[in-house]
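Engineer: Chains as they are written, first to last, in the working numbering: chain V, 1322 to 2072; chain A, 23 to 234; chain S, 3 to 300; chain D, 3 to 429.
Where is the CB? At the ideal position from N, CA and C, for every residue including glycine.
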Amino acid sequence: MADVKTAAYICKGCEIDKRVDVAALAKAATKSGKMNIVREHDFLCSAEGVAMIQNDIDNEGVTHAAICACSRRAKTDAFNFPTTAISRGNLREGVIWIRPDTEAARETTQEMAEDYVRMACAEVKAMQVPQGNPNTGGVKTLLVVGGGMSGMTSALEASKAGYKVVLVEKTGALGGWTAKLHKRIPTREPFKAPEDNGVSDMVARIEADSNIKVYLNATIAKTDGSPGRFKVEIAIESGAIANEDIGAIIQATGFTLYDANKLPELGYGKSPNVVDQAGLEGLARDAAAAGKPICRPSDGQPVNKVVFVQCAGQRDTTGTHLQYCSGFCCNTSIKQAMYFKDGNPDIDTVVLFTDLRTPGNGEDFYRAAQNKGVIFSKGVVSNVSASGNTCSVKFKDLILNEEVDTQADLVVLATGMVPSSGPELDALNEANRLAEGGDEGAKEQVVQMMSKSVLNLTYRQGPDVPQFKHGFNDSHFICFPYETRRTAIYNAGPVRRPMDILQAQEDATGAAMKAIQAMENAGLGKAAHPRAGDLSFPTVRLEGCTQCKRCTVECPFGAIDEDAKRFPLFNESRCRRCGTCMGACPVRVISFENYSVNTVGSQIKAVDVPDEFSEKPRILILACENDAYPALDMAGMNRHEYDPFVRVIPIRCLGSVNTIWITDALNGGYDGVMLMGCKHGEEYQCHFVKGSELGRYRLSKVGDTLKGMNLETERVMDVEVAITDIATLPQKINDYAALIKSFPPSPFKGF
Amino acid sequence: MSDLNQTMAARYQNNFLKEIEEQAEMGEWVKMCMQCGLCSGSCPTNFQAGWDHPPQEIFMMIRAGKRDEVLKSNSMWMCTSCYNCYVRCPRKVPVTHVMHGIAEYAYRIGQSPKNQPTQHLSKTFWDNCTKTGRVNEVKLTQSLYFKDGIGAGIKKAMEMQAVALGLVKAKRLNPLEAIGIAHKCKDIKGIQAMLAKANELEAQRKAEKAKA
Amino acid sequence: MARKEYAFYPGCSSQKGASASNYLTSVESMCNTLDIKMTEIPDWNCCGASVSYAESGELPRTAMNARNFALAESNLPGQDIVATCAACWLGSRESKERLEHNSGLLADTQTALKEAGLQIKVIPEIRHMVEVLIEDLGYDELKKPVKKPLNGMKFAGYVGCQTNRPFGINGESFENPMYLDKLIETVGGEAVPYDQKVTCCGGALAFSEPEKAQAQIKDIIEAAYDGGAEMIVTPCPLCQANVEVYQGQINKKYGTKFDIPVLYYSQLMTLAYGGTAKQAALDGNVVRARKLEEFAGK
Amino acid sequence: MTSVVATNQTILVVGGGISGMTAALEAAETGKQVVLVETNPYLGGRTVQLYRYFPKMCHPTCGLEINLRRLKANPRIQVLTLAEVTGISGSKGNYSVSVKLKPRYVNANCTACGECGKVVQTEIADEFNYNLGKIKAAYLPSSMAYPQRYVIDSSIIGTPDAERAKAACKYDAVDLEQEEEVISLNAGAIVWATGWQPYAAEKIVYYGYDRFPNVITNVEFERLADPHGPTGGKILRPSDGKEARNVAFIQCAGSRDENHLRHCSRFCCMGSLKQTHYVEEAFGDAGKSTIYYIDIRAIDRFEDFYQKVQANPNVSFVKSKVARITQDKDGNPVCNGVNVEGYKRYATAHDLVVLAVGMEPAVKGMDIPADVMSDSSGFIMADPANAGIFGAGCATNALDVNRSVQSATAAALRAIQVVNKVARAEV
């Protein structure tokens, strides 16, 4: 490794020099910071200032630079030195903007500034410039699991971008549900009539595409490895195994209709004249094939009246059926009603709904149906009974406010979709635990669950992608809908959330985009979202490892397996660089080049802790860099003041907090530690999904440590922070500081 | 009259919506309603008594096949032809005309409420203006007052005396019209012939529609 | 040769001695000043009005209007038909639209017309007097002849329904049309804001459901008073009559003290143009507009 | 003269809202050169003007922070703010585009120290807060604004105020000589992500948006609820600053209406359901919300969010399109109409009425300078004729945030398909 040459740069601009004694800061950088070069500048982010730094890098051989000016979130384009290790001392947003400009405050403000300079120096000395993952795969072939509309779309779109695709379909033909549709909901102006389902055309394009290799009657037997170097075993019809090298994976395994047999009260199973939407598509296809109108299944007689029951077994609040709405069924019933009306306008078609949901241009489709004479009634169906060849549908008409009993030749139940995701991992892992304990039932259960596995990942944390809600596969959902906890494995179509064909195709195109991106970045050793492009990756000193498995269990992204000797086996290209493993490691053998126990620990130690008589407590704040730290920054920008005794260190995620930082701080005489992380739980806001949750779990154990040290447990406080807490966070800090001041000074000062 | 009603009822075997679509002027719009209620809320008479069913509810009742309730309803006759519903309807349903159309149909097949005052006005007005080609306001007024018989008529006339006198003073009511000395068209014969033909054709068309 | 010529369709209520005769008189004076020539359509007939819906089918009603079209077109070729009455204007325009969009109806109508020895070749444009004023002349032209601006007088411009919906005056919103206020201001008056400008007066129910109609009229007059109006101005004969003549009955029924004159825009313009009370047919108002009568006297 | 490096392998993204940023970032993180053009002085679009997102009730700035970090860390994206595409010529794989750059009057020297804001006296309407408040004519649009650089409003150029701003800046960041310029650049493919605009509520005259101060729109309500909005997050009604504890939400204000917007805007139902939480957040049980609706379109996984709101005794639902808003003597807006479930008339006074105005594509009326197909509502249609120009987000359909992101991610791939083809051809 090249010689280390350190430098500290202190900006005087934005009134820093008016508010603090910059010379003293420089002294701190030289004396305590022990920097080889220390320079002040009136306007460090100016062209001249930047040139000064660049010159030191080019001609003075500076390898590590502490830039003490504004927040790391500001002036990023100016302070951009890719080949140099950079730390930022936040003197502006972090000090002078959150302190009053008064003589009284001057001393504490100065101390604060000096500490931040020391911390920046300490941090940068502990950093390395990330060199990137030496262990990249570089395979650029995409695996798409599922040959329905979503899967076919992903395959075609990826190929169109110039990538090879392996498309695996478990049935004997491509097309999935869509192929079973007589027609599909219109996809373009004027949105008035059903369209051809378009499957045959897509299948033809796939067969003609030399980039796409299709396996029919095939499933994934095993998926091993990492992004850019997956080794996939495909079980094909003959029983043989085909091996493929894969860069990224799209799971597009679609859905099944909710089982209408669970709805006897709606007459399903009691009469062949009560069908679900798929059943009706079948009737429509057969009729079309025979060139006849759709007939009544029970006796083949013509249909004079059809009733469509929306939300059958959906939007259920009793916990018996599906709680969610499947989104596509209103348009589908409209389409199916048109099957009848387009053939013979005299056939009565009635759609019974509570809320008709035809968003966007679906409104045109709705109007078109009304225009064709489809009748829509707002009503709740309580019962469907069948006698002979007719059914009678009981419902409450919510407009005319009366109970109605109407006769129909055919009743169609809109039952909605159930995702074809793999086994739910928590349940599976629990079953595994019991099975290992010798529970026979559990063993059964495991076998049965594993039979549902889609990907058969060899990951320590389970064979499939974790699920999020209602059995749909993982999704960050709002800002980053494609993000899953399995790097380079993306979900497309109804396996991710209920959706119609048009959306599924859009979704599948987006998933292809993400998968292609994942392959490209895996090949370069770059992290995927949210630390996209980050070249740092975790390294472990195995000699120190006690095989406690915490890292392998906690990694939110299943990046760490166990090798034959039960040591953690890091799969760097699965890693998202959140540092949860580092936080979890009790023996602190895991670190990143630019983020480690030491980069933070040395900052904690760099802070000057006055003695117990000074009445100047020290409070350590470890703040999530994604939400809490920006909130503190903006508090500064809005000049919200907070206590001068806090020292803030940004962390990648609460999950990366190693308890040693807390104990070190307390042993070092800090009076309190405040941890700021994102909301966790069902509506989590953590960008590493489970990071803040795991961090909090870990911290819940710190109480004992404190007791052991005879300290008040309140000295360590965990606050949930949102990025908008700009005004409230300073208040929380001040309240906490007041609490700490109400305690006697830490007995550990001066040791 | 009422046998025409039976014929229709039979012809459309309780497919009342179809009956309205084919027989009532603008009836084909009934199916387009999405039950938002904007028409009902926009009706100037809405906050007075008398509306047993507002337009959007009438439309729903038609779809639900409530034939008698609709045809015998007073509601359509409450329309003031203000066209508020018509211009606001988010589905561009010409509500005013649909209501008129349903009313006219109910009346045509003898199902509308007996002695419905607006209906009486409607008939009186039309008879009056087609008789001479122009409205004879006095006769119109008289025939309206005396619709419930002489006694009621005089009573009403007394009530309205002030109004009438005011108008006479203002030369806006010409008592002579009462004895027929009033504006009329020259070619009354032509008009009568024209209307006879029009009525004949109209009846013919409606019958054709019903047969189809 | 006048600067504008139109085929005039006065309608039943605007004939001499009829309920809107004062409208007719004031329109004539106004048009003289503005040099607009209105030639009455020879032997025109009633439009049927929307209220006749129950008795008249679509075809007979259309035929009645078509007869006027045919007469206008053959006798006054190339001239737009101009109606002063909202109902006549609406009835005619509706018939025009239907004839233009429904060939079947057109054919039948022609057959019927033949009985009266007439036929339609071109259907003339159907205009409301107000359209002629603001579209063909424009506010500036209307302002020019103003000799005696109605300074300091407060009017509630009451547009009502049928001059406003469903067709309305081009470019105006159904919910808050401004043209009447602008006309008032053009002749120097003040148009007060109030929230019943386009509320229906219940005219169609005045005979058949008087309580209902009068309840609506009451709201309108109250709002006008609340808005600070001394007089109400309207472009519609039916509105004018209803809002004016039932005030006494409403006072009886509700104990109100309504006594507000209801005028036509054409009366205001005639006066502002320097016309006499007679030319403005102020004597035609049941609720006398004393203030205007004095104004005219000066 | 602003210089931009761009070739026929560059992807031009028009619009810097969440869709445009997503398309730009996904393409750049796949190794493509991107030019991102935004008309506002800052990135983030309408999402940053929202207080919370449904269904997680999290904050838009949280995702924005991540996207901005991705952006700052990515050398492949060139951002042009205050910029507008004025012309596109050429064809798929080889477009030449002219971009009009409006002056910011502040250059890259700006440190966002705020001195100029202190000395400038003129106040202008605060567009970021939908003009509900006022700001200095030298301003940072929001704390999250990127570029983190002040803007000097053109209205004060040539006035002493502007000179004061210049004098106050120690870093020569204020450049009053800046002028509008038009630059031209190449692009192989274009992603059109110009987003949406709230339907002009005053056009629905019977709701009196322009007559009654206490009738506001859903986007304005977001600003009222936001702690960093004009009221500091207090839900106060405009007329008298009184706490609006009884709030009415009128759905389909413009949407599903052939007299206004023909389409369903999709997001407004969830938007209002979300906003009932704001009322509860502010007033607890003393806060009452009423939603007037035609159909509640809480589609797919959003349904449980709807169910939770339904279960809230402080929220009531009325199936009715409100026919008319009047105002009582206390300045309370009164909703008049008919509840069509059983025909019940109502005339209900509320403290505040929020119109859930629909979504109109910003492309509507804007002439997209190329042959791009759009539908009857003005949304860009996916169409082979669109060749190398692809719609993304709300320019293509009425979408909520996560669907916009999906759409933008897909659009990025479509653009990449084009430039990869160019690249292959040139190899």
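1. Can you list, in chain order, the residues of its chain with a C-beta nearer than 6 Å to that of V/I2044? Leave out the 5 residues immediately preceding and following it.
2. Under the rule that 16 or more other beta-carbon atoms within 10 Å means buried, what is V/E1369, buried or exposed?
3. Please compile the residues from chain A whose C-beta is within a distance smaller than 9 Å of the C-beta of V/H1694.
4. I need the straight-line Cα distance from V/M1770 to D/Y141, nearest angstrom please.
5. List, in chain order, every chain V residue whose beta-carbon is nearer than 8 Å to that of A/A86.
6. When the Cβ atoms of the region 242–259 of chain D are set against those of the region 1629–1636 of chain V, are three or more pairs found closer than 8 Å?
7. Near S/P44, what residues of its chain come up, given a Cβ to Cβ distance below 7 Å and the 5 sequence neighbours on each side ignored?
8. Smallest Cα separation from S/R5: which of S/Q17, S/Y11, S/M40?
9. State buried or exposed for V/I1720, treating a residue as buried only when at least 16 other CB atoms are found within 10 Å of its CB.
10. Is there at least one Cβ from chain A nearer than 8 Å to S/S76's Cβ?
11. For D/G92, which residues from the same chain have a beta carbon less than 6 Å from its beta carbon, with the 5 sequence-adjacent residues on both sides left out?
12. Given a threshold of 16 other Cβ atoms within 10 Å of its Cβ, counted over all protein chains shown, does S/G191 qualify as buried or as exposed?
13. Compile a chain-ordered list of the residues in the region 272–285 of chain S whose CB is closer than 8 Å to at least one CB of chain A.
14. Rank V/G1546, V/K1491, V/A1476 by C-alpha distance to the C-alpha of V/A1525 and give the top, closest one.
15. List, in chain order, every chain V residue whose beta-carbon is nearer than 7 Å to that of D/G19.
16. With distances taken between CB atoms, is the gap from V/F1686 to V/I1655 smaller than 8 Å?
17. Quick one: complete beta strand (DSSP E) runs, 3+ long, within the region 341–423 of chain D?
18. Residues of the region 197–209 of chain D with a CB closer than 7 Å to any CB of chain S: list them in chain order, please.
19. Pick helix, strand or coil for V/A1689, following the three-state DSSP scheme.
20. Taking 8 Å as the threshold (C-beta atoms), are V/V1775 and V/I1541 in contact?
21. Per DSSP, what kind of secondary structure is V/M1322 in: helix, strand or coil?
22. Could you check what DSSP says for V/W1498 in three-state terms: helix, strand or coil?
23. Secondary structure at V/E2041, three-state DSSP: helix, strand or coil?
24. Are the region 43–50 of chain A and the region 224–234 of chain A touching by the rule of at least three beta carbon pairs closer than 8 Å?
25. Output, in chain order, the set of chain A residues within a Cβ distance shorter than 9 Å of S/P346.
26. Counting only the same chain and skipping the five closest in sequence on each side, list residues whose C-beta sits under 6 Å from that of V/P1819.
27. Note down, in chain order, every chain D residue with its Cβ under 7 Å from the Cβ of V/G1683.
28. What residue range does the beta strand (DSSP E) around V/F1878 cover?
29. When you compare only the Cα positions, how much space is there between D/S378 and V/P1511?
30. On the three-state DSSP scale, how would you describe S/Q17?
31. Quick one: residues in its chain with C-beta nearer than 6 Å to the C-beta of A/C151, no 5 flanking neighbours on either side, listed in chain order?
32. Would you identify the three-state DSSP class for V/C2007, choosing helix, strand or coil?
33. Under the DSSP definition of a beta bridge, which residues are partnered with D/Q123?
34. Shortest alpha-carbon distance to V/A1752 belongs to which of V/S1742, V/E1765, V/G1546, V/G1743?
35. For the putative contact between D/L84 and D/T41, defined by C-beta atoms under 8 Å, what is the C-beta separation to the nearest angstrom?
36. Please list, in chain order, all residues of the same chain as V/M1322 whose beta carbon is under 7 Å from its beta carbon, the five residues on each side excluded.
Structural biologist: Taking the geometry as given:
1. Reading the first sequence from its first residue, position 723 is the one you call residue 2044 of chain V. For V/I2044, where only same-chain residues beyond five positions count, the Cβ hits under 6 Å are D1948, P1951, A1952.
2. Mapped onto the first sequence, residue 1369 of chain V falls at position 48. So V/E1369 counts as exposed.
3. As a first step, residue 1694 of chain V is located in the first sequence; it is residue number 373 there, counting from the start. With the sequence shown as reference, residue 1694 of chain V is identified as Gly, and His is not the correct amino acid for it. Neighbours of V/G1694 on chain A, chain order: L39, K40, E43, K53.
4. Here residue 1770 of chain V corresponds to residue number 449 of the first sequence, with the count starting at 1. Here residue 141 of chain D corresponds to residue number 139 of the fourth sequence, with the count starting at 1. Rounded to the nearest angstrom, the gap between the Cα atoms of V/M1770 and D/Y141 is 59 Å.
5. Numbered from 1 along the second sequence, position 64 holds the residue referred to as residue 86 of chain A. In chain order: S1698, D1718, L1721, V1725.
6. no
7. Along the third sequence, read from residue 1 onward, the residue named residue 44 of chain S stands at position 42. For S/P44, where only same-chain residues beyond five positions count, the Cβ hits under 7 Å are L73, N77.
8. Numbered from 1 along the third sequence, position 3 holds the residue referred to as residue 5 of chain S. Out of S/Q17, S/Y11, S/M40, S/M40 has the C-alpha closest to the C-alpha of S/R5.
9. Here residue 1720 of chain V refers to the residue found at position 399 when the first sequence is read from its first residue. With at least 16 other beta carbons inside 10 angstroms of its own, V/I1720 counts as buried.
10. By 1-based counting over the third sequence, the position of residue 76 of chain S is 74. It does not; no Cβ of chain A falls within 8 Å.
11. Taking the first residue of the fourth sequence as 1, we reach residue 92 of chain D at position 90. S98, listed in sequence order.
12. Your numbering for residue 191 of chain S matches position 189 in the third sequence. With 16 or more other Cβ atoms within 10 Å, it is buried.
13. Only those residues of the region 272–285 of chain S whose C-beta falls short of 8 Å from the nearest C-beta of chain A are listed: D285.
14. As a position in the first sequence, residue 1525 of chain V is number 204, starting the count at 1. If you compare the alpha carbons of V/G1546, V/K1491, V/A1476 with that of V/A1525, the shortest gap goes to V/A1476.
15. Within the fourth sequence, numbered from 1, the residue matching residue 19 of chain D stands at position 17. None at all; the shortest Cβ gap to chain V is about 12 Å.
16. If you number the first sequence from 1, residue 1686 of chain V lands on position 365. If you number the first sequence from 1, residue 1655 of chain V lands on position 334. Contact flag set, yes.
17. 346–351, 354–359, 361–363, 391–393
18. V207, Y208
19. Mapped onto the first sequence, residue 1689 of chain V falls at position 368. In the three-state scheme derived from DSSP, where H, G and I count as helix and E and B as strand, V/A1689 is classed as helix.
20. Along the first sequence, one-based indexing puts residue 1541 of chain V at 220. Along the first sequence, one-based indexing puts residue 1775 of chain V at 454. Going by C-beta atoms, V/I1541 is nearer than 8 Å to V/V1775.
21. Position 1 of the first sequence holds residue 1322 of chain V. Confidence is the limiting factor: at V/M1322 the pLDDT is only 47, short of 50, which leaves the residue's position unreliable, though a coordinate-based value still follows. The answer is coil: DSSP assigns V/M1322 none of H, G, I, E or B.
22. One-based indexing of the first sequence puts residue 1498 of chain V at position 177. Three-state result, V/W1498: helix.
23. What you label residue 2041 of chain V is simply residue 720 of the first sequence in a count that begins at 1. Strand.
24. yes
25. It is not possible to answer for residue 346 of chain S, since the shown part of chain S is limited to 3 through 300.
26. Here residue 1819 of chain V is taken as the residue at index 498 of the first sequence, counted from 1. Correct list, in chain order: S1647, G1648, M1738.
27. On the first sequence, residue 1683 of chain V is found 362 positions in, with the first residue counted as 1. C266, listed in chain order.
28. Position 557 of the first sequence, counting from 1, holds the residue named residue 1878 of chain V. Where V/F1878 is concerned, there is no enclosing beta strand (DSSP E), given that its DSSP letter is neither H nor E.
29. For the purposes of this step, residue 378 of chain D is taken as residue 376 along the fourth sequence, with counting starting at 1. For the purposes of this step, residue 1511 of chain V is taken as residue 190 along the first sequence, with counting starting at 1. So the two alpha carbons sit approximately 8 Å from each other.
30. By 1-based counting over the third sequence, the position of residue 17 of chain S is 15. S/Q17: coil per DSSP, three-state reduction.
31. Counted from its first residue, the second sequence places residue 151 of chain A at position 129. So the list reads V157, once near-sequence residues are dropped.
32. By 1-based counting over the first sequence, the position of residue 2007 of chain V is 686. DSSP places V/C2007 in coil when its eight states are reduced to three.
33. Numbered from its first residue, the fourth sequence carries residue 123 of chain D at position 121. For D/Q123, DSSP records no beta bridge to any residue.
34. The residue you call residue 1752 of chain V lines up with position 431 of the first sequence. Here the closest residue by C-alpha is V/E1765.
35. Reading the fourth sequence from its first residue, position 82 is the one you call residue 84 of chain D. Reading the fourth sequence from its first residue, position 39 is the one you call residue 41 of chain D. Separation of the CB atoms of D/L84 and D/T41 is rounded to 7 Å, and the pair is thereby assigned contact status at 8 Å.
36. Translated into the one-based positions of the first sequence, residue 1322 of chain V becomes position 1. Unreliable placement is indicated for V/M1322, whose pLDDT of 47 sits below 50; no coordinate value is reported for it.
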